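*Asks:* One structure is given below, represented as structure tokens, and several questions about it will come after.
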């Protein structure tokens, strides 16, 4: 039992007392003439301040023709609890007009035992998120998922063994930031997952400073690419800004960010109020197509463009007949009170086209929650599958076929899992499983 033992926070950069925190309040801004312009407030501490993470994100945005205006409150070692009472932070939140507000907790606190996190972290994450939405109702809160220390938290290992190793500390941080995002309907910038991938990549540059805690330039670049992809919905591999790294180092990190963040943007935004559909689905009779958004979330309205110059539609599931054979880029814009997002899919109208529904449209899983095995039903074509956990670890992979197929999860621990199915033609469906 750890009832009477309190885990302690220690940071090599936390040298100033709280009375000097205002001196650490930094402001940055940038602008560009083309592309998207976003206003972002970063609230955190030295993990955001070291190497000026927001400025690196701004330069990535500029390199792709976009613009980022930012302000920051990043006194060294500051916790959510302190930020919630810090006038400088509260005043920045109260300025309003933010597109995104990034929240980064002190680097150790979210990895502490359940009782401490429940008392010292979650309530203040909620308080900060609530303040954000008082002053900017449509702002998106983003939790900055930080990483475990290079060799674990030696200072707290004796009283809380799970943090004795990088793996243990990092997994707890990933879990707790995911919980905070879920509790507050927020997004996740999965920097820890990008770092973990890079730590397992041969030839990756050093991510840590000598203190085995704070980010090196490569570590900050990996974090910045995560935010860049999340904010601007762009593939980081297309960006040309290398920061202070060699071209080869920057390219390797961009590939990791693309794989972890960009390829799963919907997953990192899954808890937010963003209007979302998994894909555009359809059924077809001749050249008459009935379209729909698959698994819509937070959607209040639709606007369809069928790609043939005809009038669009605003129904959730419109039927449209194409006058001539050919390929058409069908798009739907989904909206709610705050946001609009556009999705597109190419369909073929004609005798050589696809002559049936989306091959994964009717796929389902049962039972869910899962006890030992999960049944995948409704498969119309063989698929490959991967099953991953919330720490980004692949726990199962293989292929499935037949109208009914099974995946054995009996030896897996309780938790949240993500099942990705993919056909040979590239159709993809992701399902959430609970065990």
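Numbering (mature numbering (1 follows the signal peptide of the UniProt record, and there is no 0)), first residue to last: -34 to -1, 1 to 401.
Even glycine gets a Cβ: it sits at the ideal position worked out from N, Cα and C.
None of these values were measured; they are calculated from a predicted model.
Just the C-alpha distance for residue 353 and residue 374, rounded to the nearest angstrom, thanks.
*Replies:* So the alpha carbons of these two residues sit roughly 11 angstroms apart.
*Asks:* Quick check: the segment 102 to 119 against the segment 61 to 71, are at least 3 beta-carbon pairs closer than 8 angstroms?
*Replies:* Touching, per the Cβ criterion.
*Asks:* Could you name the residues that DSSP lists as bridge partners for residue 380?
*Replies:* BP columns for residue 380 are empty, so no partner.
*Asks:* Helix, strand or coil for residue 293 per DSSP?
*Replies:* Residue 293: strand per DSSP, three-state reduction.
*Asks:* By Cβ distance, which residues of its chain are closer than 6 angstroms to residue 160, with the 5 residues on each side in sequence left out?
*Replies:* These residues qualify, in order along the chain: 188, 192, 222, 223 and 226.
*Asks:* Relative to the C-alpha of residue 363, which candidate in 141, 57 and 351 has its C-alpha closest?
*Replies:* The residue with the shortest Cα to Cα distance from residue 363 is 351.
*Asks:* Is the beta carbon of residue 139 closer than 7 angstroms to that of residue 158?
*Replies:* Closer than 7 angstroms, so yes.
*Asks:* Ignoring anything shorter than 3 residues, give me the beta strand (DSSP E) runs that lie fully in the segment 14 to 65, in order along the chain.
*Replies:* Whole beta strand (DSSP E) segments, 3+ residues: 33 to 39.
*Asks:* Pick out whichever of 200, 306 and 51 has its Cα sitting closest to the Cα of residue 243.
*Replies:* It is 306.
*Asks:* Identify whether residue 113 lies in helix, strand or coil by the three-state DSSP scheme.
*Replies:* In the structure shown, residue 113 sits in coil (DSSP, three-state: anything other than H, G, I, E or B).
*Asks:* Taking the continuous beta strand (DSSP E) assigned at residue 228, which residues delimit it?
*Replies:* Run containing residue 228: none; DSSP gives neither H nor E here.
*Asks:* How is residue 11 classed by DSSP in three states: helix, strand or coil?
*Replies:* Note: residue 11 maps to coil in three-state DSSP.
*Asks:* Tell me which residue opens and which closes the beta strand (DSSP E) that residue 366 is part of.
*Replies:* Residues 360 to 366.
*Asks:* Whole angstroms is fine: what's the gap from residue 248's alpha carbon to residue 6's?
*Replies:* Roughly 38 angstroms separates the two Cα atoms.
*Asks:* Reducing DSSP to helix, strand and coil, say where residue -11 ends up.
*Replies:* Any reading at residue -11 needs caution, since the residue's pLDDT is 34, under 50, leaving its predicted position unreliable; the model's value is listed next. Here residue -11 sits in helix by DSSP.
*Asks:* Given residue 143, which residues of its chain have a CB within under 7 angstroms of its CB, disregarding the five upstream and five downstream residues?
*Replies:* 76, 109, 111 and 154, listed in sequence order.
*Asks:* Can you list, in chain order, the residues of its chain whose CB lies under 6 angstroms from that of residue 299, leaving out five sequence neighbours each side?
*Replies:* Taken in chain order, the residues that qualify are 269, 306 and 308.
*Asks:* For residue -7 and residue 360, I'd like the C-alpha separation in whole angstroms.
*Replies:* In this predicted model, residue -7 has a pLDDT of only 35, less than 50, meaning its place in the structure is not dependable enough to derive any value.
*Asks:* Shortest alpha-carbon distance to residue 292 belongs to which of 279, 285, 380 and 252?
*Replies:* The option with the nearest alpha carbon to residue 292 is 252.
*Asks:* With three or more beta-carbon pairs closer than 8 angstroms as the criterion, would you say the segment 48 to 65 touches the segment 93 to 101?
*Replies:* Contact holds: three or more Cβ-Cβ distances are below 8 angstroms.
*Asks:* Run through DSSP, which three-state label would residue 143 get?
*Replies:* Of the three classes helix, strand and coil, the one that applies to residue 143 here is helix, per DSSP.
*Asks:* Could you name the residues that DSSP lists as bridge partners for residue 355?
*Replies:* Its beta-bridge partners are 383.
*Asks:* Are there 16 or more other CB atoms within 10 angstroms of the CB of residue 235, so buried, or fewer, so exposed?
*Replies:* Residue 235 is buried by the Cβ-count criterion.
*Asks:* Which value, in whole angstroms, describes the spacing of the CA atoms of residue 256 and residue 281?
*Replies:* Those two C-alpha atoms are separated by around 11 angstroms.
*Asks:* Would you mind stating whether residue 345 and residue 393 have Cβ atoms separated by less than 7 angstroms?
*Replies:* Cβ distance not < 7 angstroms, so residue 345 and residue 393 don't count as in contact.
*Asks:* Indicate the three-state DSSP secondary structure (helix, strand or coil) for residue -3 in the structure shown.
*Replies:* Annotation note: pLDDT 32 at residue -3 (below 50); position unreliable, coordinate value reported separately. Coil at residue -3, not helix or strand.
*Asks:* According to DSSP, which residues form a beta bridge with residue 309?
*Replies:* Partner(s): 298.
*Asks:* Taking the alpha-carbon positions, what's the residue 102 to residue 60 distance?
*Replies:* Whole-angstrom Cα-Cα distance: 8 angstroms.
*Asks:* Taking just the CA atoms, how far does residue 10 sit from residue 45?
*Replies:* Looking at the two C-alpha atoms, the distance is approximately 8 angstroms.
*Asks:* For residue 123 and residue 133, what's the separation of their Cα atoms in angstroms?
*Replies:* Answer to the nearest angstrom: the Cα atoms are 13 angstroms apart.
*Asks:* Under 8 angstroms Cβ to Cβ from residue 195, same chain only, skipping five residues before and after it: list those, please.
*Replies:* Around residue 195: 201, 202, 223, 224, 227, 228 and 231.
*Asks:* Quick check on DSSP: helix, strand or coil for residue 245?
*Replies:* Residue 245 falls in the strand class under three-state DSSP.
*Asks:* For residue 348, is the classification buried or exposed, using 16 other Cβ atoms within 10 angstroms of its Cβ as the cut-off for buried?
*Replies:* Under this definition residue 348 is an exposed residue.
*Asks:* Going by DSSP, what residues sit across from residue 154 in a beta bridge?
*Replies:* In the DSSP output, where bridge partners are listed per residue, residue 154 has 109.
*Asks:* Report the three-state DSSP secondary structure of residue 255 (helix, strand or coil).
*Replies:* Strand at residue 255.
*Asks:* If you measure from the beta carbon of residue 45 to each beta carbon in chain D, is any gap under 7 angstroms?
*Replies:* Absence of chain D from the displayed structure is noted, only one protein chain being present.
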